[in-house]
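In the working numbering, the protein residues as written are 870 to 1652. Each residue gets a CB set at the ideal place from its N, CA and C atoms; glycine is no exception. Written out below as C-alpha cells is the structure these notes cover.
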C-alpha cells in the first residue's frame, strides 16, 4: 500500500464522513426502526462511504483533490453509485415520515430514482471530470423532491386530524432537506469545472454538510416514532459538534494559503536554460527572458492538446523531432514514429509513455481563463501559457517554453503563483517513468533551485507529492488532536455523563417509583451541590412533607369519621321523622284525593235529589190541580236513574280504592274508546250543568273512526276523564274564558313516541286561561 499522506482539505472530508457515520451509528442503536428511519440510515451511510472512499484514495495517492482517473476505477465507480443513492433514500424517508399516503407514487419514484443513479454512473464515461458533480446534483434533486413530498403531506394532514407534532416534524425535516439541497448544489458547481472564488463556496458547502449531519439527526429524532436514549443522543451531539468545529478549522482557506507560502513562496520571474552537453544537459538560472510576441492562439480547452509542425529538426531523446504535441496542462511531448500522436490519454495523465518537456506540468484549465499560444521561428518554437489558471485553484500561470534548433530548451517563468504544489517541472528523457504520485525511488531535481550539470535522464520533480508530504507533517498534530478528542468523547464523555447525569436521574426515578408504590420513607442521597443535588433535596423535602401530611390526614380522617358517624345517626333519626311526616302528608293527600273522587258523584246525587224535591212539589201541585203528571214523573225517573248511577259510581270508587289497597291495581279490560269517551263527556256535562244552572259550553267532538278499542282500567280512566273535563268546564266558565266557551274532545290512532307500537290518543282542549305557571310543576303529583 502507498504511504498515507494527510492534508487539511481531505481531512475535512474525512471529518464529514465520520460525522455521518456517527449519526448513522445513533440510528443503528434505535430500536423498532420505522421504514423512514431505515431510509435515513441508508442515506447517512451512503454519504459516509462516498466521502471516505474518495478521501482515502487521495490520502494514499498523494492527491490534494480526487483525480478523474480514480473515478474510472471500480472503487471510484462504486463511490459515485453509493453516493448517488443518498438522494433516493432521502426522498423515500420523506415519503414514509409520519405515515405514507402516497404509497404507489413512492414505489414508482423509487424505481425512477434508481434509474437516475444508473444514468449518472454512465455519465462517468462521458465526462469523468464532472462525474462527482453530477452525483451530487442527483442527490440534490431527490432531496428537493422529498421537500415537496413533505409539504404536500403537511397540507394534506391539516384537515385529516393528524397530530400537530407530526405536522411540525414534516416542516422541520423539509427545512433540513433544503440544507441538503443547498450543500449538494454548492459542491456540485464547485466540482464542475470550477469558477473563481469557489474555494469560499466550498467552505460554505462544508459548513452546510456539517449542519446536515450534526443537526438533522438531532431534529429528526425529536419527531420520530421510535424511543430514544438521552445519553446516546448527548454523546452523539457532542461528538458531532467536535467534528464540525474541527472540520471548519481544517477547511480554513487562509491557513492553507499560509502552508503553501511556507512551503514554496512565489518565485521571482526568471528563466531556466537547458543546454545539451553530449547526452546530458547543463542547467543554469538566468534573469527572465520572456518573448512578448506569443504568436497564434491554439484555442485549447481543459485537458486538450494541439499538434505543431517544426520548420527544423529538434534533437531530443535520441531522435530528431519534426512534430510536437502541446498540452493545455503545461507540457510538450514528442510526436514521431516512435511516439505517434493519439496513443496517449486525452485526460491529465498519471503515467507517461513518452519523454516529456514540462515547463510547468499540472492540471491547467485554459477553458476557465487565459490562453495557450505558439509562434514558430526558423530556428526556434515558442509556446506560451498566458495567465492560465489551475483547475479548481484559479490563480493564473504565465509560463513559456522555447525549443531551439540546437537542442537548447528555455523555461521562462513570468508569473508562477505560490500554490504550484500540484505540478512538476523539468525534462523527462525516456518513457515509462511515473509522473504524478509515484516519484519515489527516482533521482529528483528541482529545476527552480538546482544549477549545474545534470545527468541524463532528468527526472520530473513531483512538487505535489512533496507538498503533500509537507502538509502531512504539518497536519498530523492536528490529526492527533482530533483523534484524541474523538477518543475522549467516545470513552470518557459517556462515563462522565453516566456519573453526573444518568445515575442521578436513575436514583430520582427509583425514588419516585417507591413513592408511587406507597413507600413514603424513600429518600435520595445528596452527593453534590448542583442542580441534581438541589433536586434530590427537594425530593427528600417532598417525601417528609408527604409523611407529615399522611400522619395528619390519618388523625383528621379518624376525627371526621367520628363526626360522620354522629351525623349519620342524626340523619337516620331525621330521616325517620321525615318518613313519618311524608306518610302523614301522603295520607292527607290520599284522603283529599278520595274525598275529591267521591265528591263528584255525591254532588250529582245531592243536586238531583234537590231537583227531585222540587219535582215532587211540582207533582203535588199538579196533582191537586188535576194536570197531566206524565212529564214530571218522567223527569223524576230520569233523575232517579242519575242518582242511582252516581251512587253506583261512588260505590265503585270506594270499591276501587279498597281493591287498590289490597291488590295495588285493577285488571285491564278491552274498552271501545269512542263510546267510552262519549259516555263520560255526557256524564261530566250533565253533572256540571246540574250543579251550575247557568252553565253553558260548546262541546266540539271529533272521534276518529279507527280509534277502535284499547286495554285499560275502566274506572281509573273514567276518573281521569271526569277530572279533566270538570277542570276544563271550570276553566271556561271563569272570567278568563273567551266569548264562546268551548271544550274540544278528540280521539285518534297514533304511534308511541318510542316506536314500540300503535296507541290511542284522547285529547281534551279548552279555551280557558290555562294552568298557572306555579301550578304546572304539581300536575303529576300523587292524588
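- Boundaries of the alpha helix (DSSP H) around residue 923: 904 to 929.
- Around the beta carbon of residue 1234, 16 or more other beta carbons sit within 10 angstroms, so the residue counts as buried.
- From the listed residues 1508, 1468, 1003, 1467, the smallest Cα separation to residue 1485 is found for 1508.
- Here residue 969 carries a coil assignment [DSSP, helix/strand/coil].
- The C-beta distance from residue 1155 to residue 1277 rounds to 12 Å, too long to fall under 8 Å, and the pair is not in contact.
- Minimum Cα-Cα distance from residue 963 among the listed residues 943, 1035, 919 corresponds to 1035.
- The count of Cβ pairs closer than 8 Å, one atom from the region 968 to 981 and one from the region 917 to 926, stays below three, leaving the stretches out of contact.
- Collapsing the DSSP output to three states places residue 1274 in coil.
- Counting along the chain, the unbroken beta strand (DSSP E) around residue 1140 starts and ends at 1139 to 1146.
- In terms of Cβ geometry, residue 1015 and residue 960 form a close pair [threshold 9 Å].
- For residue 1022, the closest alpha carbon among the candidates 1011, 1179, 1043, 1008 is that of 1043.
- Going by beta carbons, residue 1175 and residue 1226 fall outside the 9 Å limit.
- According to the DSSP assignment, residue 1581 belongs to the beta strand (DSSP E) that extends over 1578 to 1581.
- Taking the Cα positions, residue 1189 is about 26 Å away from residue 1231.
- Exposed is the label assigned to residue 1027, since fewer than 16 other Cβ atoms lie within 10 Å of its Cβ.
- Beta-bridge analysis with DSSP links residue 1174 to 1196.
- In the DSSP assignment, residue 1620 falls within the beta strand (DSSP E) that extends over 1611 to 1620.
- At the C-beta level, residue 1241 and residue 1197 come within 9 Å of one another.
- As DSSP reads the structure, residue 1245 sits in a beta bridge with 1250.
- With a contact defined as Cβ atoms closer than 8 Å, residue 1250 and residue 1297 miss out at about 18 Å.
- In the three-state DSSP reduction, residue 1406 falls in the helix class (H, G or I).
- Pairing residue 1253 with residue 1243 gives a Cβ-Cβ distance under 9 Å.
- Minimum Cα-Cα distance from residue 1181 among the listed residues 1264, 1168, 1150, 1247 corresponds to 1247.
- With respect to the 9 Å criterion, residue 1053 and residue 945 are not classified as neighbours on the basis of their beta carbons.
- With contact defined as three or more Cβ pairs closer than 8 Å, the region 1512 to 1525 and the region 1487 to 1502 are not in contact.
- In this structure, residue 1281 sits near residue 1158, with a CB-CB distance shorter than 9 Å.
- At the C-beta level, residue 921 and residue 886 come within 9 Å of one another.
- In this structure, the straight-line span from the alpha carbon of residue 1615 to that of residue 1627 is close to 17 Å.
- Ranking 1445, 1512, 1491 by CA distance to the CA of residue 1473 puts 1512 first.
- Contact check for residue 903 and residue 965: beta-carbon distance about 7 Å, within the 8 Å limit, so the pair qualifies.
- When the alpha-carbon of residue 1167 is set against those of 1152, 1048, 1239, the nearest one is in 1239.
- Remark: C-beta atoms of residue 1186 and residue 1228 do not approach each other more closely than 9 Å.
- Residue environment analysis places residue 892 among the buried positions, since at least 16 neighbouring C-beta atoms fall within 10 angstroms of its C-beta.
- In this structure, the CA atom of residue 1634 is about 32 Å from the CA atom of residue 1479.
- Separation of the CB atoms of residue 1506 and residue 1470 is rounded to 19 Å, and the pair is thereby denied contact status at 8 Å.
- When C-alpha distances from residue 1638 are compared across 942, 1598, 897, the shortest belongs to 1598.
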